[in-house]
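Enquirer:
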Amino acid sequence: MKDISEHLYGRSAAAITAVYVLVGALLAVGIDFAVASAGGSAAVWTPTRLVSDWLLVAGSGGLLYGAVTHHRNRAETARRDLETSNQQLQVLSRVFRHNVRNDLNVIQGYTDLLSDRVDDERSRQCLETIRETTDDVVAISEKLRVIEDASPERPDGHVDLV
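Residue numbering for the sequence shown follows our numbering, beginning at 441 and increasing consecutively.
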């Protein structure tokens, strides 16, 4: 069974309100007529009563329209905010990854320079550990880039050229 929200999704606030008012007006007439028939009193079903029922339905329809419009506007604002946050996170991730790789390249360069000047085995082992660790972090950074590039495409169809 479908949820009611599945039927309403994608429909305009005006369409939802129009259906509500139409169904409400028909139900008001039907219920007033059924009550009048069941009670045997025709006085219950008067034009004044019918107009007041329709005004109630129209007023609540106006409230429904306002509520749907308000919540859709809030959802759209939240979607835009989320999209902006995602873009900012992607930029931050790229900048951070770039900066980390630059710093690691500097460390690797100095490690290579020191390895040519160091004579004792213990220092060479320490430099090799530094080199392996920086290589591992660079590899992790590259894997993160691949994961980010493989993530679902943006809904607006924009493609990063950098």
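Glycine included, C-beta positions come from ideal geometry on N, C-alpha and C.
Are the Cβ atoms of A468 and L504 separated by less than 9 Å?
Expert: No; because the gap between Cβ atoms is not below 9 Å, this pair is not in contact.
Enquirer: Which one of Y449, E572, R537 and S477 has the shortest CA to CA distance from E582?
Expert: Out of Y449, E572, R537 and S477, R537 has the C-alpha closest to the C-alpha of E582.
Enquirer: Contact defined as beta carbons within less than 8 Å: I believe V578 pairs with R541. What is the distance between those atoms, to the nearest angstrom?
Expert: Their Cβ separation, rounded to whole angstroms, is 6 Å, which keeps V578 and R541 in contact under 8 Å.
Enquirer: Would you mind listing the beta strand (DSSP E) stretches within the region 460-487 that are 3+ residues and don't spill past its ends, in chain order?
Expert: DSSP runs (the beta strand (DSSP E)) wholly in the region 460-487: none.
Enquirer: State the DSSP-derived secondary structure class of D576, mapped to helix, strand or coil.
Expert: Correct three-state label for D576: helix.
Enquirer: Between S563 and chain D, is any beta-carbon pair separated by less than 9 Å?
Expert: Although the question refers to chain D, the structure presented lacks it and comprises just one protein chain.
Enquirer: So G464 and G499 are in contact, right, with Cβ under 8 Å, and what is the actual spacing, rounded?
Expert: Their Cβ separation, rounded to whole angstroms, is 10 Å, which puts G464 and G499 out of contact at 8 Å.
Enquirer: Between the Cα of I570 and the Cα atoms of I580, D560, S555 and D559, which residue gives the shortest distance?
Expert: When each option's Cα is compared against that of I570, the closest is S555.
Enquirer: Using a Cβ-Cβ cut-off of 7 Å (strictly less than) and excluding sequence neighbours within five positions of L584, which residues of its own chain qualify?
Expert: Counting only Cβ-Cβ distances below 7 Å, and skipping sequence neighbours, we find R537.
Enquirer: Output the distance between the C-alpha atoms of R489 and S477, rounded to the nearest integer angstrom.
Expert: R489 and S477: Cα-Cα distance of roughly 15 Å.
Enquirer: Keeping to the same chain, check which residues put their C-beta closer than 7 Å to that of W494; ignore five residues upstream and five downstream.
Expert: Hits under 7 Å: A465 and A468.
Enquirer: Are three or more beta carbon pairs between the region 504-523 and the region 448-460 nearer than 8 Å?
Expert: They touch, by the three-pair rule.
Enquirer: Out of R519, R562, I587 and T551, which one is the CA nearest neighbour of T574?
Expert: Taking only the C-alpha atoms, the option nearest T574 is T551.
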